[in-house]
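J.: Note that the UniProt record's numbering gives residue 9 to position 9 of the sequence shown, counting from 1, and the numbers run on in steps of one.
If you scroll down you'll find the structure; I have some questions about it.
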Amino acid sequence: ELIERGYIYIAQPPLYKVKKGKQERYVKDDQELNSYLLTLALSNAQLHVQQDTPAISDTALEELVKSYMSVQSVITRLSRRYDETILQQLPKLHAIEKTDLNDSDKIQTYLDSLLILLNNGKPSGIEYRVGFSTLEEKEYAQLEITKIVHGLDHLTVFNAEFFESTEYKLMNEMFKKLDGLFTEGSYIKRGEKRQPVTDIGDVKNWLFEEARKGLNIQRYKGLGEMNPDQLWETTMNPETRRMLQVRIEDAIVADEVFTTLMGDHVEPRREFIESNALSAMNIDT
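Here's what the structure looks like:
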């Protein structure tokens with residue numbers, strides 16, 4: 001009844017405390033932390049891609065870095081199903097359309113370009129094979145990339161549905177923004193410091209490394225790590241706290257999960273753990 005009336009709330013404490021000099025701020029999650037670091041990183045930053053072109057800065061540079069970060073988030077999510085090393089190469093290639101999957105020449109050209117990227121700087125003990133196949137019950141061919149790690153094959157398949165997905169289209173949008181942008185002499189500058197870069201990943205990583213300098217970032221495992229003053233500032237103060245209302249549908253789902261994990265039947269618990277183990281992040285040990 002308490003849940004039905006909306007009387008149950010869960011405190012939403014911050015995940016991080018960031019200290020810079022004498023200034024402190026609480027950050028609720030990884031997304032807010034990245035947003036804060038990005039703001040710091042872009043301060044007085046300029047990307048020089050060619051000697052005879054104006055530097056990229058402010059909003060334009062922010063858009064490029066945010067686009068890269070969005071694609072990286074997509075790749076992290078997709079890596080539960082597809083090989084991450086292969087996914088990282090897709091935004092570097094011209095898009096392949098679903099209709100191209102009926103053209104063996106276009107498929108082979110795409111796969112040849114992908115193989116070059118995969119072989120560039122690959123660790124020893126790893127090999128790649130690329131190919132495609134057409135199933136009788138499918139209208140379009142599917143791409144098949146085999147990653148061979150010390151003799152063991154790991155197959156990744158990309159079908160027409162993947163190339164029609166929102167995630168792949170986001171990768172292609174980033175390719176359009178970055179195609180031909182970087183040259184041999186490209187560099188990123190922040191204040192008086194400068195660093196050679198070859199792609200937007202280099203830009204983002206260096207800027208964030210610079211932004212983190214001078215910061216003390218503390219990650220909280222739980223409320224038990226906070227002292228009384230911190231508990232008041234982050235969780236108890238009615239003017240600043242964040243609360244999540246528990247609804248009846250939340251209670252139903254929670255009851256189902258509790259029954260699965262704490263019930264007497266072993267098989268549902270095993271299936272739940274096997275299905276979700278690789279999705280777990282920020283596990284404290």
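Backbone N, C-alpha and C fix where the C-beta goes; we use that ideal spot for every residue, glycine too.
Per DSSP, what are the beta-bridge partners of Lys-189 in this structure?
T.: Gln-46, Arg-194
J.: Grab me the residues of Ser-57's own chain with a C-beta within less than 6 Å of its C-beta, minus the 5 sequence neighbours each way, in chain order.
T.: Gln-46
J.: What are the partner residues of Ser-133, as DSSP defines its beta bridges?
T.: Partner(s): Gln-142.
J.: Return the CA-CA distance between Trp-232 and Lys-193, expressed in angstroms with no decimal places.
T.: 40 Å
J.: Could you tell me the alpha carbon to alpha carbon distance between Asp-30 and Ile-145, rounded to whole angstroms?
T.: 32 Å
J.: Among Thr-240, Arg-80, Leu-135, Asp-229, which one has its Cα closest to the Cα of Glu-274?
T.: Arg-80
J.: Just how far apart, CA to CA, sit Glu-267 and Leu-261?
T.: Straight-line Cα distance between these residues: approximately 10 Å.
J.: Look at the Cβ atom of Thr-234, then the Cβ atom of Pro-14, and state whether they are nearer than 8 Å.
T.: yes
J.: Using the Cβ count rule (16 or more neighbours within 10 Å means buried), how would you classify Gln-23?
T.: Result: exposed.
J.: From this set, Val-246, Leu-143, Glu-63, which residue's C-alpha is nearest Arg-5's C-alpha?
T.: Val-246
J.: Please work out which residues of its chain come closer than 7 Å, Cβ to Cβ, to Gln-142, disregarding the five sequence neighbours upstream and downstream, and give them in chain order.
T.: So the qualifying residues of the chain are Phe-132, Ser-133, Val-157, Phe-158, Asn-159.
J.: Could you give the residue range of the alpha helix (DSSP H) that holds Asn-172?
T.: 166 to 178
J.: Restricting to runs no shorter than 3 residues, where is the beta strand (DSSP E) found entirely within the UniProt domain "DNA gyrase B subunit C-terminal" (213 to 274)?
T.: 215 to 219, 243 to 245
J.: Can you tell me which of the three DSSP states Gln-12 falls into?
T.: coil
J.: With DSSP collapsed to three states, give me the class of Ser-35.
T.: helix
J.: Assign Arg-80 to one of three DSSP states: helix, strand, or coil.
T.: coil
J.: Going by DSSP in three states, Leu-181 sits in which element: helix, strand or coil?
T.: coil
J.: Taking all protein chains shown into account, do 16 or more other C-beta atoms lie within 10 angstroms of the C-beta of Arg-242, making it buried, or fewer, making it exposed?
T.: exposed
J.: Assign Ile-148 to one of three DSSP states: helix, strand, or coil.
T.: In the structure shown, Ile-148 adopts extended strand secondary structure according to DSSP, grouped into three states.
J.: Cβ atoms of Asp-83 and Lys-122: under 8 Å apart, would you say?
T.: Result no, Cβ atoms of Lys-122 and Asp-83 do not sit closer than 8 Å.
J.: For Thr-285, does the three-state DSSP call read helix, strand or coil?
T.: The pLDDT assigned to Thr-285 is 49, lower than 50, so where the model puts this residue is not dependable, and the model offers no usable value.
J.: Assess contact between the region 62 to 76 and the region 215 to 233, defined as three or more Cβ pairs (one per stretch) separated by less than 8 Å. Is contact present?
T.: Taking 8 Å as the limit for Cβ pairs, the verdict is that the region 215 to 233 does not touch the region 62 to 76.
J.: Assuming Glu-161 is part of the alpha helix (DSSP H), what are its boundary residues?
T.: 160 to 163
J.: Round the Cβ separation of Leu-207 and Ala-60 to the nearest angstrom and send it over; I've been treating them as touching at under 8 Å.
T.: Contact flag wrong, Cβ pair sits at about 14 Å.
J.: In whole angstroms, what is the alpha-carbon distance linking Lys-17 and Asn-120?
T.: 39 Å
J.: Report the residue from Tyr-110, Lys-28, Ala-95, Leu-38 whose alpha carbon sits nearest the alpha carbon of Glu-209.
T.: Leu-38
J.: Taking all protein chains shown into account, do 16 or more other C-beta atoms lie within 10 angstroms of the C-beta of Lys-204, making it buried, or fewer, making it exposed?
T.: buried
J.: Between Glu-127 and the rest of its own chain, which residues show a CB-CB distance below 7 Å, the 5 nearest in sequence each way excluded?
T.: Ile-148
J.: Rounded to the nearest angstrom, how far is the Cβ of Thr-198 from that of Phe-182, given a contact under 8 Å?
T.: 6 Å
J.: Which of helix, strand or coil does DSSP assign to Lys-92?
T.: helix
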